[in-house]
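Chemist:
Number of protein chains: 2
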Amino acid sequence: MARIVMKFGGTSVADLDRIRAVARRVAAEVEAGNEAAVVVSAMAGVTNELIGWCQQLSPLHDAREYDAVVATGEQVTAGLLAIALQAAGVDARSWQGWQVPITTDAAHGAARIRGIAGAELVRRMAAGQVPVVPGFQGLGSDGRITTLGRGGSDTSAVALASALRVDRCDIYTDVDGIYTTDPRIVAKARKLARITYEEMLELASVGAKVLQTRSVELAMKERVRLQVRSSFTDAPGTLVVDEDEIVEQPLVAGIAYSRDEAKITVRRVPDRPGIAAALFGPLAAASVNVDMIVQNVAADGTTDLTFTLGKADLPRARQLLAEGREAIGYAEVTADSDVAKISVVGVGMRSHAGVASTMFRTLAEKAINIQVISTSEIKVSVLIGAEYTELAVRALHSAYGLDAA
Amino acid sequence: MARIVMKFGGTSVADLDRIRAVARRVAAEVEAGNEAAVVVSAMAGVTNELIGWCQQLSPLHDAREYDAVVATGEQVTAGLLAIALQAAGVDARSWQGWQVPITTDAAHGAARIRGIAGAELVRRMAAGQVPVVPGFQGLGSDGRITTLGRGGSDTSAVALASALRVDRCDIYTDVDGIYTTDPRIVAKARKLARITYEEMLELASVGAKVLQTRSVELAMKERVRLQVRSSFTDAPGTLVVDEDEIVEQPLVAGIAYSRDEAKITVRRVPDRPGIAAALFGPLAAASVNVDMIVQNVAADGTTDLTFTLGKADLPRARQLLAEGREAIGYAEVTADSDVAKISVVGVGMRSHAGVASTMFRTLAEKAINIQVISTSEIKVSVLIGAEYTELAVRALHSAYGLDAA
Numbered sequence: 001m002a003r004i005v006m007k008f009g010g011t012s013v014a015d016l017d018r019i020r021a022v023a024r025r026v027a028a029e030v031e032a033g034n035e036a037a038v039v040v041s042a043m044a045g046v047t048n049e050l051i052g053w054c055q056q057l058s059p060l061h062d063a064r065e066y067d068a069v070v071a072t073g074e075q076v077t078a079g080l081l082a083i084a085l086q087a088a089g090v091d092a093r094s095w096q097g098w099q100v101p102i103t104t105d106a107a108h109g110a111a112r113i114r115g116i117a118g119a120e121l122v123r124r125m126a127a128g129q130v131p132v133v134p135g136f137q138g139l140g141s142d143g144r145i146t147t148l149g150r151g152g153s154d155t156s157a158v159a160l161a162s163a164l165r166v167d168r169c170d171i172y173t174d175v176d177g178i179y180t181t182d183p184r185i186v187a188k189a190r191k192l193a194r195i196t197y198e199e200m201l202e203l204a205s206v207g208a209k210v211l212q213t214r215s216v217e218l219a220m221k222e223r224v225r226l227q228v229r230s231s232f233t234d235a236p237g238t239l240v241v242d243e244d245e246i247v248e249q250p251l252v253a254g255i256a257y258s259r260d261e262a263k264i265t266v267r268r269v270p271d272r273p274g275i276a277a278a279l280f281g282p283l284a285a286a287s288v289n290v291d292m293i294v295q296n297v298a299a300d301g302t303t304d305l306t307f308t309l310g311k312a313d314l315p316r317a318r319q320l321l322a323e324g325r326e327a328i329g330y331a332e333v334t335a336d337s338d339v340a341k342i343s344v345v346g347v348g349m350r351s352h353a354g355v356a357s358t359m360f361r362t363l364a365e366k367a368i369n370i371q372v373i374s375t376s377e378i379k380v381s382v383l384i385g386a387e388y389t390e391l392a393v394r395a396l397h398s399a400y401g402l403d404a405a
Numbered sequence: 406m407a408r409i410v411m412k413f414g415g416t417s418v419a420d421l422d423r424i425r426a427v428a429r430r431v432a433a434e435v436e437a438g439n440e441a442a443v444v445v446s447a448m449a450g451v452t453n454e455l456i457g458w459c460q461q462l463s464p465l466h467d468a469r470e471y472d473a474v475v476a477t478g479e480q481v482t483a484g485l486l487a488i489a490l491q492a493a494g495v496d497a498r499s500w501q502g503w504q505v506p507i508t509t510d511a512a513h514g515a516a517r518i519r520g521i522a523g524a525e526l527v528r529r530m531a532a533g534q535v536p537v538v539p540g541f542q543g544l545g546s547d548g549r550i551t552t553l554g555r556g557g558s559d560t561s562a563v564a565l566a567s568a569l570r571v572d573r574c575d576i577y578t579d580v581d582g583i584y585t586t587d588p589r590i591v592a593k594a595r596k597l598a599r600i601t602y603e604e605m606l607e608l609a610s611v612g613a614k615v616l617q618t619r620s621v622e623l624a625m626k627e628r629v630r631l632q633v634r635s636s637f638t639d640a641p642g643t644l645v646v647d648e649d650e651i652v653e654q655p656l657v658a659g660i661a662y663s664r665d666e667a668k669i670t671v672r673r674v675p676d677r678p679g680i681a682a683a684l685f686g687p688l689a690a691a692s693v694n695v696d697m698i699v700q701n702v703a704a705d706g707t708t709d710l711t712f713t714l715g716k717a718d719l720p721r722a723r724q725l726l727a728e729g730r731e732a733i734g735y736a737e738v739t740a741d742s743d744v745a746k747i748s749v750v751g752v753g754m755r756s757h758a759g760v761a762s763t764m765f766r767t768l769a770e771k772a773i774n775i776q777v778i779s780t781s782e783i784k785v786s787v788l789i790g791a792e793y794t795e796l797a798v799r800a801l802h803s804a805y806g807l808d809a810a
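Protein chains in written order, with the numbering used here: chain A, 1 to 405; chain B, 406 to 810.
#1: Please name the residue, chosen from VAL410(B), ALA428(B), PHE541(B), ALA493(B), that lies closest to TYR471(B) on a Cα-to-Cα basis.
#2: Between the beta-carbon of VAL785(B) and the beta-carbon of VAL749(B), is there less than 9 Å?
#3: Taking all protein chains shown into account, decide if MET1(A) is buried (16 or more other Cβ within 10 angstroms of its Cβ) or exposed.
#4: Taking 9 Å as the threshold (beta carbon to beta carbon), is ARG573(B) in contact with chain A?
#5: Are the CB atoms of THR670(B) and ALA740(B) nearer to each other than 9 Å?
#6: Can the beta-carbon of ILE83(A) be found closer than 9 Å to that of CYS574(B)?
#7: Is the CB of THR147(A) under 9 Å away from at least one CB in chain B?
#8: Would you list the residues sitting across from MET6(A) in a DSSP beta bridge?
#9: Look at ALA317(A) and LEU383(A) and say whether their C-beta atoms are less than 9 Å apart.
#10: Residue range of the beta strand (DSSP E) that ARG730(B) falls in?
#11: Determine the chain A residues that contact ALA483(B) at a beta-carbon separation under 8 Å, and present them in chain order.
#12: Below 9 Å between beta carbons: does that hold for VAL13(A) and THR77(A)?
#13: Between GLU622(B) and chain A, is there a C-beta pair that is closer than 9 Å?
#14: Please classify ALA562(B) as buried or exposed, where buried requires at least 16 neighbouring CB atoms within 10 angstroms.
#15: Under 9 Å between the Cβ atoms of LEU597(B) and ALA658(B)?
#16: So is VAL297(A) buried or exposed if we call it buried at 16+ other beta carbons inside 10 Å?
#17: With 8 Å as the C-beta to C-beta threshold (strictly closer), list the residues of the segment 500 to 527 of chain B near chain A in chain order.
#18: Once you ignore the five residues that flank LEU239(A) on each side, which residues in its own chain have a CB closer than 6 Å to its CB?
#19: Measure the C-alpha to C-alpha separation of ALA37(A) and ASP313(A) and round it to an integer number of angstroms.
#20: Are three or more beta carbon pairs between the segment 277 to 287 of chain A and the segment 322 to 334 of chain A nearer than 8 Å?
#21: Starting from PRO250(A), trace the beta strand (DSSP E) in both directions and tell me its first and last residue.
#22: List, in chain order, every chain B residue whose beta-carbon is nearer than 8 Å to that of GLU245(A).
#23: Please classify TYR400(A): does DSSP put it in a helix, a strand, or coil?
#24: Which value, in whole angstroms, describes the spacing of the CA atoms of VAL407(A) and VAL475(B)?
#25: Take the Cβ of HIS802(B) as the centre, count every other Cβ of all protein chains shown within 10 Å, and call the residue buried at 16 or more, exposed below.
#26: What residues of chain A sit near ALA489(B), judged by a beta carbon separation below 8 Å?
#27: Just tell me which of GLU323(A), ARG190(A), GLN319(A), GLY237(A) has its CA closest to the CA of GLY401(A).
#28: Kindly give me the distance between the Cβ atoms of VAL527(B) and VAL445(B), rounded to whole angstroms, as I take these residues to be in contact under 8 Å.
#29: Thinking just about the alpha-carbon of each residue, which of VAL410(B), LEU688(B), ILE521(B) is nearest to the one in ALA727(B)?
#30: Could you check which residue in GLY354(A), LYS263(A), THR389(A), ALA204(A) has the C-alpha nearest to that of ALA367(A)?
#31: Using a C-beta cutoff of 9 Å, does ASP174(A) count as contacting chain B?
#32: Using a Cβ cut-off of 7 Å, pull out every chain A residue sitting near GLY415(B), in sequence order please.
#33: State the DSSP-derived secondary structure class of SER94(A), mapped to helix, strand or coil.
#34: Assuming VAL5(A) and ALA161(A) make a contact with CB atoms under 8 Å, what is their CB distance in whole Å?
#35: For LEU544(B), return the contacting residues in chain A, with the cut-off set at a CB-CB distance below 9 Å.
#36: Under 8 Å: do the segment 490 to 498 of chain B and the segment 427 to 441 of chain B share three or more Cβ pairs, one atom per stretch?
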């Protein structure tokens, strides 16, 4: 017997038939003797419609009213699933965020969970009742409904799993697990049985958006064992767990890529203290998220600085740099949005040398030029021309021995 | 300066343009120096869609979950209207039933309001803020969301008006007031400037469904002055008020009709004590609402009993009578659903004789046969063949001097 949280995303509850299918899955867990609590998203499309209405009425709408409107999507699904569970013979009860309560701060539209009062839910689960909790929402410190921001239902599920001290939090989604890379690019991509929180975070941050980053961070902090699995098959998914739980840790867990990158080079910047602050300070103040940064060794008292950022932020960043030209004193700014970031991720590389050099050699063999390199403890990322994305991902997938037999 | 509650029904908030129009109406009241609170229904069609989903998942769905699902319709409108009001330059804030709170009993799906904590809303209205309250919903004594049953938003508005001690409760709807009869039948029907609560109740109960009966009863009990007016024109509507407020009370306020009636005659029932109880007891137990009842004087130790009921209840009533045949001991049951009820309503008839005889004479002149007669203090109703409905209504409208000049 286990105690679990089951979380179902928008496509898993997109219509009444799928809600019935979700009810059957939950019923199967209960019949197997497990205690289950369920977290649900809004039916696919509903949240976007509600957001659209708010924006059409006022582009600068009040976030408190936005939250009251948008939180209804999950409320509807929770009530409908409770009805479907009862129809399937399972005792069930929906709990709104304000009823549990799931308390948050008052940062409407992007609230953070402060606490979940789980005792009553635990008591009911022990008595055989399934609590159905709408994800994405909570009760703000101002007494009003809050939402956690897009994708917040994953975070709701992990926070609830932590509060209920469950054995596992199953995230049901439209993919059946985490792969060594994108199966659409590499036919030989393999589903991973297990992956560490750290690897999942690095993969998520470079474009493998199966789980919301915040939810993985929270799961790591609270030591909640996650399982990513499909709503549409019975195949086991991928467990996201602590490093200790993975006996044979492979060197590299997976290859991720992101085409959502742009590169800016600032040429002939004066090589003096404080120049990086002058350059990146205004970008940070404007919430432009800078990723990789490379500074060459100075020559002639000047240096070249290259950094990457999200494509959507490129116009804003160029404008800020133009405005700061006098203060920074650079010669020229060039930009390139026709780039991709390729990352090799694995906690195994902590204790193994040669991961980066394998990457560079593999790309060189394919005549792919590396524009920028950045490394973390468990990741090596390179920026390359966007047209080489598939070629690079396939070559690296083979080079690290990830191809399925 | 006045303090008012403004209530907008589903067609008045059917889409974003209409919500904007509602915001302009509310803004005009605020600009005129009035304090306003707003009660809203769900956008037209939304409630039926939500109810349909619950029924499709389970015909015998849990009323607590039904309430959690269905209450979202009003929640969305309240948030959207608050945004639209802010965009129109009006300080506004939505308040869910559980936030005010509007406390109710725990009769989910048909809850009754127990109390409304209005002090905070009054304080905010005095400071120029417009509270937007979703109708139809409350916080049950079990701590869960309740709904008041169909049309409950009118009742929400009147209860809020009472709690806020307003000067007037304006019910905005898709008609522009209460008419002397249905203008689709009688071209010369006139809009009434004023009508009493009692007359409104009698008109509502016989098919002029502009206001929910419960809301009028509550308004009468709490002495809340109602105004029924159109969301789509600026014409003044009809005031529903205490009898004292109507200086020149006309004899008859209006002519109502209902085609939603059926008639059952039970022939040769033994004329002995307790037989009416044996006949109507099982009907009441099955929630079959019986309206007019006529019992003829007995002959040969038996009597004939005729009663009317809603058309939808006819099959159930016939079944119950068939099951009770032995206990009741009647000879035969006949039914006729091809009937209409015509009612003449007016508080003036309390002090004037001759209203009923005018009705009978008028119908006789048109050769319309009266099947059943029933009277109350301020109403005379007759059952006639359905095909005579329009003829009867037009003739009576003229006979009581109600035709517009």
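Quick reminder that beta carbons are idealized off the backbone N, C-alpha and C, glycines included.
Modeler: Let me lay it out:
#1: PHE541(B)
#2: yes
#3: exposed
#4: no
#5: yes
#6: no
#7: no
#8: VAL38(A), ASP170(A)
#9: no
#10: Note, ARG730(B): premise wrong, no beta strand (DSSP E); alpha helix (DSSP H) at 730 to 733.
#11: ALA68
#12: yes
#13: no
#14: buried
#15: yes
#16: exposed
#17: GLN501, TRP503, GLN504
#18: ARG194, GLN227
#19: 40 Å
#20: yes
#21: Counting along the chain, PRO250(A) falls outside any beta strand (DSSP E), and DSSP gives it neither H nor E.
#22: Ordered by position in chain B, no residue passes the 8 Å Cβ test against GLU245(A), which lies about 38 Å from the chain.
#23: coil
#24: This structure does not reach residue 407(A), given that chain A is present from 1 up to 405, and the question cannot be answered.
#25: buried
#26: LEU57, SER58
#27: ARG190(A)
#28: So it is not a contact: roughly 19 Å between Cβ atoms.
#29: LEU688(B)
#30: THR389(A)
#31: no
#32: Ordered by position in chain A, no residue passes the 7 Å Cβ test against GLY415(B), which lies about 16 Å from the chain.
#33: strand
#34: 4 Å
#35: The premise fails here: LEU544(B) is roughly 10 Å from chain A at the closest Cβ pair, so nothing lies under 9 Å.
#36: yes
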